[in-house]
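Listed below in structure tokens is the structure:
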């Protein structure tokens, strides 16, 4: 098995100690990538920064896409482009707390060779979802539009 590490760092930087403190922080990943992060804008966050909810839906969409590219290639369907305008929906769960309850993927794919028929395309998405490590790690309902 593998281990994955992320560093999350925040500093007060002279901000007041009440609820007006900055939500801005940085995520650091192996290889030196730094992502400016914040809470969601409706929670006093900076809309120019990535919030955890956006990162969550992006991680699911990215994982699904990577498996899809692999499985489509193996099946002889080379992908030229893949774009997903994924959407996460917040809702209340059993004990009344907020959670991302639904994630809907909206992949738009162009092909550089043979294209799968509708049944094969739906199967590629089902198999991609089944193999996605992230999807297998969360309780949210995840659907692929059009399949």
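Numbering (my numbering), first residue to last: 2 to 148. Here a beta-carbon is modelled for each residue, glycine too, at the ideal position from N, C-alpha and C. Being a predicted model, the structure only gives us computed values, none of them experimental.
>> What residue range does the beta strand (DSSP E) around residue 57 cover?
In response: No beta strand (DSSP E) contains residue 57, which is instead part of the alpha helix (DSSP H) from 53 to 75.
>> Here's the rule I'm using: 16 or more other beta-carbon atoms within 10 Å means buried, otherwise exposed. How should residue 126 be labelled?
In response: buried
> Terminal residues of the continuous beta strand (DSSP E) containing residue 19?
Replying inline: That residue, residue 19, is in no beta strand (DSSP E); it is neither H nor E in DSSP.
>> Can you tell me where the beta strand (DSSP E) holding residue 122 begins and where it ends?
In response: No beta strand (DSSP E) contains residue 122, which is instead part of the alpha helix (DSSP H) from 119 to 132.
> Counting Cβ pairs, one atom from each stretch, are 3 or more of them under 8 Å apart for the stretch 26 to 43 and the stretch 108 to 122?
Replying inline: no
> Roughly how many angstroms separate the alpha carbons of residue 99 and residue 93, rounded to a whole number?
Replying inline: 5 Å
>> Looking at residue 73: is its Cβ nearer than 9 Å to the Cβ of residue 54?
In response: Residue 73 places its beta carbon 9 Å or farther from that of residue 54.
> Got a sec? Which residues, its chain only, sit under 8 Å from residue 58 by beta carbon, not counting five neighbours each side?
Replying inline: 87, 88, 89, 101 and 104
> Rounded to whole angstroms, how far is the Cβ of residue 132 from the Cβ of residue 68, which I believe are closer than 8 Å?
Replying inline: 5 Å
> Once you ignore the five residues that flank residue 7 on each side, which residues in its own chain have a CB closer than 8 Å to its CB?
Replying inline: 28, 29 and 30
> Going straight from the alpha carbon of residue 143 to that of residue 18, what length do you get?
Replying inline: 39 Å
> First and last residue of the beta strand (DSSP E) that includes residue 99?
Replying inline: 99 to 106
>> Can you look up residue 43 in the DSSP assignment and give me helix, strand or coil?
In response: helix
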